[in-house]
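A.B. asks: Supplied in C-alpha cells, the structure appears directly below.
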Amino acid sequence: MKHFKLKPYKPRLLQALNEYDPDQRVEFCEWIINSTEEDLTVLDQILWTDEAIFQIHGRVNRHNCVYWSDSNPHLIIEEELNVPRVAVWGGIWSDGVINPYFFDSNVTSQNYLEMLKHTIVSQLQTHPTFPTMICQQDGAPPHYGKVVRDFLDNTFVEWIGRRETVEWPPRSPDLTPCDFSLWGIVKDRVYTEKPRNINHMKSLIQQEFTSLNDVIELCQAICRSVGDRCQMCINNAGKQFEHLR
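Using full-length UniProt numbering, you'd call the opening residue of the sequence shown number 1 and step up by one each time.
Right, dumping it as C-alpha cells:
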C-alpha cells in the first residue's frame with residue numbers, strides 16, 4: 001500500500017456537540033483540574049456510572065477496520081437494528097467496578113431509582129470510603145427525575161449530574177471512563193464469545209465485570225486518566241479531542 005502512497009484511515013466515532021457544549025465541557029474540566037490540585041484523591045472518590053446497550057450480534061470493532069486511501073474518506077459504520085438487546089447499568093471507580101444491573105424494560109426514573117436504592121447503594125454502603133464518594137451520572141431523562149435527584153441529594157455528600165452543583169456537560173462520552181474505556185473492554189470480550197441468546201450474554205457480561213475486579217490497578221489507571229483528558233479538552237477549547245491523541 002505504501003508503494004501507491006496510500007495511508008490507513010480508521011473511522012473515528014465522535015459525539016457531535018451543540019453550540020454551548022464546549023463552554024460547559026471546559027467548566028466541568030476546570031472543576032476536575034482545580035479539585036485535583038486541592039486534593040489528589042478526588043479522582044479516586046468519583047463513581048462513574050452509565051447505561052449501555054448490548055446486542056446479540058455485537059458491533060464491528062472500528063479499531064480493526066482499516067480503509068486504505070490517498071485521502072481521508074471520513075467513513076461511517078452502519079449499525080444493524082431490531083436485534084435482541086439488553087440495557088445494562090455499570091459503574092467504575094478506582095477501587096474496581098460495581099456489579100452490572102440489567103433492565104428488563106425501558107429505563108425510567110422509577111426503575112432507575114429502584115435500582116439505585118435496592119441494589120447499587122446497598123453494595124456501596126459497605127465500603128469504608130462511601131461517606132466521601134462522589135456519584136456521577138449523565139443527563140439522560142431517567143436520571144433527571146425529581147425522585148432520583150432527591151435520592152442522590154440525600155445519599156451522597158456530592159454528585160455530578162444535570163443541573164447539579166457540579167454539572168455534567170452534555171454529549172461528553174470522552175470524559176467518562178464508562179464510555180471511553182469500560183464499555184469498550186466489556187463489549188470486545190463479550191462479543192468475541194458470540195453470545196447465543198440474552199441470558200448467555202448477561203452471563204458473559206457478569207463474568208467480565210468480575211474479571212475487572214481482579215485488576216484494580218487497571219480501574220485506577222482508567223479513572224485517573226480523566227485528569228489528562230480534562231486538560232486536553234481545556235487545551236482544545238472544550239471541543240472534541242480524542243482524534244488528536
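C-beta atoms are modelled at their ideal positions from N, C-alpha and C, and glycine is treated no differently.
Predicted, not measured: the structure shown is a model, and the values here were computed from it.
#1: If you reduce the DSSP assignment to three classes, tell me which class R85 lands in.
#2: Between the segment 123 to 135 and the segment 100 to 109, can you find at least three pairs of beta-carbon atoms closer than 8 Å?
#3: Could you check the C-alpha separation between L17 and K239 for me, to the nearest Å?
#4: Provide the residue span of the beta strand (DSSP E) that contains P173, from first to last.
#5: Quick check on N99: does DSSP put it in helix, strand or coil?
#6: Could you say which of W159, E30 and P169 lies nearest to D21 if we only look at CA atoms?
#7: In this structure, how does DSSP classify E30 when only helix, strand and coil are distinguished?
#8: Could you tell me whether the Cβ atoms of F241 and C230 are closer together than 7 Å?
#9: Flag this pair as yes or no: are the beta carbons of E217 and R189 separated by less than 7 Å?
#10: My output table needs one value for F151: the three-state DSSP class, helix, strand or coil.
#11: Is DSSP giving F241 helix, strand or coil here?
#12: Give the range of the alpha helix (DSSP H) segment to which T192 is assigned.
#13: Can you say whether Y67 is buried or exposed, counting buried as having 16 or more other CB atoms within 10 angstroms of its CB?
#14: Using 10 angstroms around the beta-carbon of K146, count the other beta-carbons present and answer buried if the total reaches 16, otherwise exposed.
#15: Kindly indicate which three-state DSSP category I92 falls into: helix, strand or coil?
#16: Looking only at its chain, what residues have a beta carbon closer than 7 Å to the beta carbon of V226, apart from the 5 residues adjacent to it on each side?
#17: Can the beta-carbon of L212 be found less than 7 Å from the beta-carbon of V86?
C.D. replies: Reading it off the structure:
#1: strand
#2: no
#3: 8 Å
#4: From DSSP, P173 is part of no beta strand (DSSP E); its letter is neither H nor E.
#5: strand
#6: P169
#7: helix
#8: no
#9: no
#10: helix
#11: coil
#12: W183 to T192
#13: Residue placement at Y67 cannot be trusted, given a pLDDT of 47 that sits under 50; what the coordinates show is reported in the next sentence. Label assigned to Y67: exposed.
#14: exposed
#15: strand
#16: I32, L43, L175 and P177
#17: no
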